[in-house]
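Enquirer: Quick note, this note's numbering runs 7 ahead of the 1-based positions in the sequence shown.
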Amino acid sequence: MSTHKLYYEDCHLSEFTAHVVSCTPTEGGWHIILDQTAFYPEGGGQPCDLGNINGIPVLDVQEQGEDVVHLCAEALETGAEVLGKIDYERRFDLMQQHSGEHIVSGFIHAKYGLHNVGFHMGADVITIDFDGIIPAEDLPEIEAKANAAIWKNTPLHIWYPTEEELPGVPYRSKRALPWPVRVVEFPGVDICACCGVHVAYTGEIGLVKLLSCVKFHQGVRIEMVCGGRAVALLSAVYEENRQVSHAFSAKILETGAAARRINDALAAEKFRVTGLQRQLFDYIAASYADKGDVLRLEDGLDPAGIRELADKIAEVCGGMAALFSGTDGEGYNFCLAARQGDLRDLGKELTSTLNGRGGGKPGFIQGSVKADKQAIEEFFKDKMRNHS
Ligand SMILES: [Zn+2]
Numbered sequence: 008m009s010t011h012k013l014y015y016e017d018c019h020l021s022e023f024t025a026h027v028v029s030c031t032p033t034e035g036g037w038h039i040i041l042d043q044t045a046f047y048p049e050g051g052g053q054p055c056d057l058g059n060i061n062g063i064p065v066l067d068v069q070e071q072g073e074d075v076v077h078l079c080a081e082a083l084e085t086g087a088e089v090l091g092k093i094d095y096e097r098r099f100d101l102m103q104q105h106s107g108e109h110i111v112s113g114f115i116h117a118k119y120g121l122h123n124v125g126f127h128m129g130a131d132v133i134t135i136d137f138d139g140i141i142p143a144e145d146l147p148e149i150e151a152k153a154n155a156a157i158w159k160n161t162p163l164h165i166w167y168p169t170e171e172e173l174p175g176v177p178y179r180s181k182r183a184l185p186w187p188v189r190v191v192e193f194p195g196v197d198i199c200a201c202c203g204v205h206v207a208y209t210g211e212i213g214l215v216k217l218l219s220c221v222k223f224h225q226g227v228r229i230e231m232v233c234g235g236r237a238v239a240l241l242s243a244v245y246e247e248n249r250q251v252s253h254a255f256s257a258k259i260l261e262t263g264a265a266a267r268r269i270n271d272a273l274a275a276e277k278f279r280v281t282g283l284q285r286q287l288f289d290y291i292a293a294s295y296a297d298k299g300d301v302l303r304l305e306d307g308l309d310p311a312g313i314r315e316l317a318d319k320i321a322e323v324c325g326g327m328a329a330l331f332s333g334t335d336g337e338g339y340n341f342c343l344a345a346r347q348g349d350l351r352d353l354g355k356e357l358t359s360t361l362n363g364r365g366g367g368k369p370g371f372i373q374g375s376v377k378a379d380k381q382a383i384e385e386f387f388k389d390k391m392r393n394h395s
């Protein structure tokens, strides 16, 4: 006796009664076989249904021969009548994604002759891999056609051709399959051999949104979402864009141009500030001409700025430039620079005394310390050789 597969008779069935045929202990729970079930077992790229039987969680569902085996957390009495409930919201989402994938694959097969060679339903998006190239600029046209097919709200035609009929059925498959074959037809769009569960009418898919098309192995990978997922994603993107629009004082469909404008303005500003900073560094360095060793704490410099200013001071001071930038709370980045001598021992002493790290070459040491201004000044008190 085989399990009667209610999910193939009514894809919208969420509750059903059945009798327990067998219940056997297994790793992680009990394997339960019912005389009939609406729980779809994992297969054809579609995850299994979840839910419960008499309130006992169903953890996994697999097909074994003609039987559907439910992995349950607890045992059920053999022969008992039970009530099964599938997580219909999850199932409907999977039907929307899976059915949308048929429509997109059908159009792509018809237009480019490409095959769907990999299909993955992730938690967020679904991906389809094709065995050839689809120009990314064709995506809007494919998406528009898929949505037009959805909104026609055509009923699906699912049937098992006879052994004689089968060779004449132009179903999408990379290889010929042995009879019997379950053929799923989205009239005018796609004919495919498939064991999954689908919506009854294309309109139930609601919406297809193609997200990206990138090179993958010898072909491309398309990312997409359908139905409720598409609405949720587009709503989230809209909300983000609304915030960007508000922050940039730009119209909601002109945020891209506004972001580019602001990026350009930032780049120009950075160029201007770099020029000003260079002038300021020259001015600061000149004030240390022939002064010997210099210790200076400067606000708000990044490591590149610290290096540049320390180097400019070392060029003219005739001794060592010790430059720090940071805060007492966060610590300081530093650079030691000199045109003559070896600063490496001093650098080691500095980092070990002031809880820091760093390194470099004889005339140039950089690093950071976890110490405050007072400790830094204390460290250098006896180490400075000043010319005036
Ligand atoms: Zn299918």
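Glycine included, every Cβ here is placed at the ideal spot set by N, Cα and C.
All figures in this text were calculated on a predicted structure; none of them were measured in a lab.
In whole angstroms, what is the alpha-carbon distance linking A87 and A25?
Expert: Locating residue 87 in the sequence shown gives position 80, counting from the first residue. Locating residue 25 in the sequence shown gives position 18, counting from the first residue. So the two alpha carbons sit approximately 8 Å from each other.
Enquirer: In this structure, does DSSP put Y208 in helix, strand or coil?
Expert: Counting from 1 along the sequence shown, the entry for residue 208 is found at position 201. Y208: strand per DSSP, three-state reduction.
Enquirer: Less than 8 Å between the CB of V206 and some heavy atom of ligand 1, yes or no?
Expert: Here residue 206 refers to the residue found at position 199 of the sequence shown. Flag unset: Cβ of V206 not near ligand 1.
Enquirer: Which of the three DSSP states, helix, strand or coil, is assigned to H105?
Expert: Numbered from 1 along the sequence shown, position 98 holds the residue referred to as residue 105. Helix at H105.
Enquirer: Would a C-beta distance cut-off of 9 Å place E208 and P187 closer than the cut-off?
Expert: Taking the sequence shown and counting its residues from 1, the one referred to as residue 208 is at position 201. Taking the sequence shown and counting its residues from 1, the one referred to as residue 187 is at position 180. With the sequence shown as reference, residue 208 is identified as Tyr, and Glu is not the correct amino acid for it. Cβ atoms of Y208 and P187: not closer than 9 Å.
Enquirer: Hey, quick one: how far does the alpha helix (DSSP H) through S242 stretch, first residue to last?
Expert: Within the sequence shown, numbered from 1, the residue matching residue 242 stands at position 235. Here the alpha helix (DSSP H) through S242 covers 234-255.
Enquirer: Can the beta-carbon of N83 be found closer than 9 Å to that of E22?
Expert: For the purposes of this step, residue 83 is taken as residue 76 along the sequence shown, with counting starting at 1. For the purposes of this step, residue 22 is taken as residue 15 along the sequence shown, with counting starting at 1. A small fix is needed here, since residue 83 is Leu in this sequence, not Asn. Going by C-beta atoms, L83 is not nearer than 9 Å to E22.
Enquirer: Provide the residue(s) that pair with S9 in DSSP beta bridges, ordered along the chain.
Expert: Along the sequence shown, read from residue 1 onward, the residue named residue 9 stands at position 2. S9 pairs with nothing; no bridge assigned.
Enquirer: So is the beta-carbon of Q53 under 8 Å away from any non-hydrogen atom of ligand 1?
Expert: Counting from 1 along the sequence shown, the entry for residue 53 is found at position 46. The answer is yes for Q53.
Enquirer: Between C202 and R189, how many whole angstroms is the CB-CB distance? I'm expecting something under 8 Å.
Expert: Along the sequence shown, one-based indexing puts residue 202 at 195. Along the sequence shown, one-based indexing puts residue 189 at 182. Indeed they touch by this definition, with Cβ atoms about 6 Å apart.
Enquirer: Let me know the secondary structure DSSP gives A25 once reduced to three states.
Expert: In the sequence shown, the residue the question calls residue 25 occupies position 18. Looking at A25 - three-state DSSP - the assignment turns out to be strand.
Enquirer: Can you check the stretch 330-367 for any alpha helix (DSSP H) of at least 4 residues that lies completely inside it and give the ranges in chain order?
Expert: As far as the stretch 330-367 is concerned, its whole alpha helix (DSSP H) runs of at least 4 residues are 351-360.
Enquirer: Just to confirm the assignment, what range does the alpha helix (DSSP H) spanning D318 have?
Expert: One-based indexing of the sequence shown puts residue 318 at position 311. Unbroken alpha helix (DSSP H) run through D318: 310-324.
Enquirer: In angstroms, rounded to a whole number, what distance separates the CA positions of H105 and I313?
Expert: Indexing the sequence shown from 1 puts residue 105 at position 98. Indexing the sequence shown from 1 puts residue 313 at position 306. Their backbone Cα atoms lie some 57 Å apart in a straight line.
Enquirer: For D197 versus F114, is the C-beta spacing smaller than 9 Å?
Expert: For the purposes of this step, residue 197 is taken as residue 190 along the sequence shown, with counting starting at 1. For the purposes of this step, residue 114 is taken as residue 107 along the sequence shown, with counting starting at 1. Cβ atoms of D197 and F114: closer than 9 Å.
Enquirer: Out of curiosity, what's the CA-to-CA distance linking L146 and F288?
Expert: The count along the sequence shown starts at 1 and reaches residue 146 at position 139. The count along the sequence shown starts at 1 and reaches residue 288 at position 281. Rounded to the nearest angstrom, the two C-alpha atoms are 53 Å apart.
Enquirer: Quick one: what's M327 bridged to in DSSP?
Expert: Taking the sequence shown and counting its residues from 1, the one referred to as residue 327 is at position 320. Bridge partners of M327: A345.
Enquirer: Excluding five sequence neighbours on each side, which residues of the same chain lie with their C-beta closer than 8 Å to the C-beta of G338?
Expert: Stepping through the sequence shown from its first residue, residue 338 is reached at position 331. Here the set comprises G363, S375, V376, K377, A378.
Enquirer: With distance defined between alpha-carbon atoms, name the residue in A266, L240, A80, A274 nearest to V251.
Expert: Locating residue 251 in the sequence shown gives position 244, where the first residue counts as 1. For the residues A266, L240, A80, A274, the minimum Cα distance to V251 belongs to A266.
Enquirer: Taking just the CA atoms, how far does V176 sit from T169?
Expert: Translated into the one-based positions of the sequence shown, residue 169 becomes position 162. Translated into the one-based positions of the sequence shown, residue 176 becomes position 169. Rounded to whole angstroms, T169 to V176 spans 10 Å at the Cα level.
Enquirer: Does the Cβ of C199 lie closer than 8 Å to at least one heavy atom of ligand 3?
Expert: This structure lacks ligand 3; the ligands present are ligand 1.
Enquirer: Measure how close the beta-carbons of L330 and L350 come, nearest whole angstrom, since I'm counting them as under 8 Å.
Expert: Locating residue 330 in the sequence shown gives position 323, counting from the first residue. Locating residue 350 in the sequence shown gives position 343, counting from the first residue. Not a contact, Cβ separation roughly 13 Å.
Enquirer: Would the beta-carbon of I291 fall within 9 Å of that of R303?
Expert: Residue numbering aside, residue 291 sits at position 284 when the sequence shown is read from its first letter. Residue numbering aside, residue 303 sits at position 296 when the sequence shown is read from its first letter. Yes; because the gap between Cβ atoms is below 9 Å, this pair is in contact.
Enquirer: By the DSSP assignment, the beta strand (DSSP E) with F223 in it spans what residues?
Expert: If you number the sequence shown from 1, residue 223 lands on position 216. Element bounds for F223: 215-223.
Enquirer: Which stretch, first to last residue, makes up the alpha helix (DSSP H) that contains Q381?
Expert: Indexing the sequence shown from 1 puts residue 381 at position 374. From DSSP, the alpha helix (DSSP H) with Q381 extends over 380-387.
Enquirer: With DSSP collapsed to three states, give me the class of V68.
Expert: Stepping through the sequence shown from its first residue, residue 68 is reached at position 61. Here V68 sits in strand by DSSP.
Enquirer: Kindly give me the distance between the Cβ atoms of Y295 and C324, rounded to whole angstroms, as I take these residues to be in contact under 8 Å.
Expert: Start at 1 with the first residue of the sequence shown, and residue 295 comes out as number 288. Start at 1 with the first residue of the sequence shown, and residue 324 comes out as number 317. Between C324 and Y295 the Cβ distance is about 4 Å, and since that is below 8 Å, they are a contact.
Enquirer: Short of 7 Å in beta carbon distance, which residues of its chain neighbour A80, apart from the five on each side in sequence? Order them along the chain.
Expert: Numbered from 1 along the sequence shown, position 73 holds the residue referred to as residue 80. Closer than 7 Å at the Cβ level, and outside the excluded window around A80, lie G36, I63, P64, L66.
Enquirer: Would DSSP call T4 helix, strand or coil?
Expert: With the chain represented from 8 up to 395, any question about residue 4 goes unanswered, as that position is not in the structure.
Enquirer: Indicate, with yes or no, if ligand 1 has a heavy atom lying under 8 Å from the CB of V75.
Expert: Residue numbering aside, residue 75 sits at position 68 when the sequence shown is read from its first letter. No, Cβ of V75 sits at least 8 Å from all heavy atoms of ligand 1.
Enquirer: I40 and H11 - do their beta-carbons sit closer together than 9 Å?
Expert: Taking the sequence shown and counting its residues from 1, the one referred to as residue 11 is at position 4. Taking the sequence shown and counting its residues from 1, the one referred to as residue 40 is at position 33. Contact: no.
Enquirer: Expressed to the nearest angstrom, what Euclidean distance is found between the alpha-carbon atoms of V301 and I372?
Expert: Within the sequence shown, the letter at position 294 stands for residue 301. Within the sequence shown, the letter at position 365 stands for residue 372. So the two alpha carbons sit approximately 15 Å from each other.
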